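Beneath this line is the structure, given in structure tokens, with notes to follow.
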């Protein structure tokens, strides 16, 4: 029987990252109690949830057959380029510009034709990113490009 190896390895990778986060948080931060949570409580809980999600993905994949998927180098390159664009562009382009540029680049290999849906996707993801990180979490990220 051919197993679903991509889901097995992906789930195990998620579980490993989650367990590592739990171990790191427990080793370096105080967990606290439910009534008075310490700085290690949230990373420990998130790590445990990620490990559980990894097992939820990996365990059923042991019993089913996987469909081999073709790796498209163009799609992988676009996703990696979008990550690099966001990382390098955040300080220069601001959160709005870096998010918009990275979403546009990541959407290039998508099978849907046309630019209308790409622009709608870019606007929606950029708006959501600004709302969550700038207004919801109040992170001090530059919103707009830095002028010389």
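Residue numbers (full-length UniProt numbering): 1 to 148.
Where is the CB? At the ideal position from N, CA and C, for every residue including glycine.
For clarity, every value in this text was computed on a predicted model and none was experimentally measured.
Beta-carbon contacts of residue i that lie in its chain and below 8 angstroms, excluding the five residues immediately before and after
i	result
residue 134	95, 141, 143
residue 85	98, 101, 102, 105
Best match in the options for proximity to residue i [C-alpha to C-alpha]
i	options	result
residue 102	69, 119, 43	119
residue 75	24, 32, 111	111
residue 32	24, 42, 23	42
residue 88	19, 145, 5	145
Beta-carbon proximity list for residue i, same chain, < 7 angstroms, skipping 5 on both sides
i	result
residue 62	3, 8
residue 57	7, 10, 11, 14
residue 81	105
residue 26	40, 44
residue 107	118, 121
Alpha helix (DSSP H) segment containing residue i, residue limits
i	result
residue 58	41-61
residue 74	73-107
residue 65	Where residue 65 is concerned, there is no enclosing alpha helix (DSSP H), given that its DSSP letter is neither H nor E.
residue 124	116-129
Beta-ladder partner(s) of residue i, from DSSP
i	result
residue 32	37
Pairwise C-alpha distance: residue j and residue i
i	j	result
residue 92	residue 83	15 angstroms
residue 48	residue 23	10 angstroms
residue 29	residue 126	33 angstroms
residue 17	residue 136	26 angstroms
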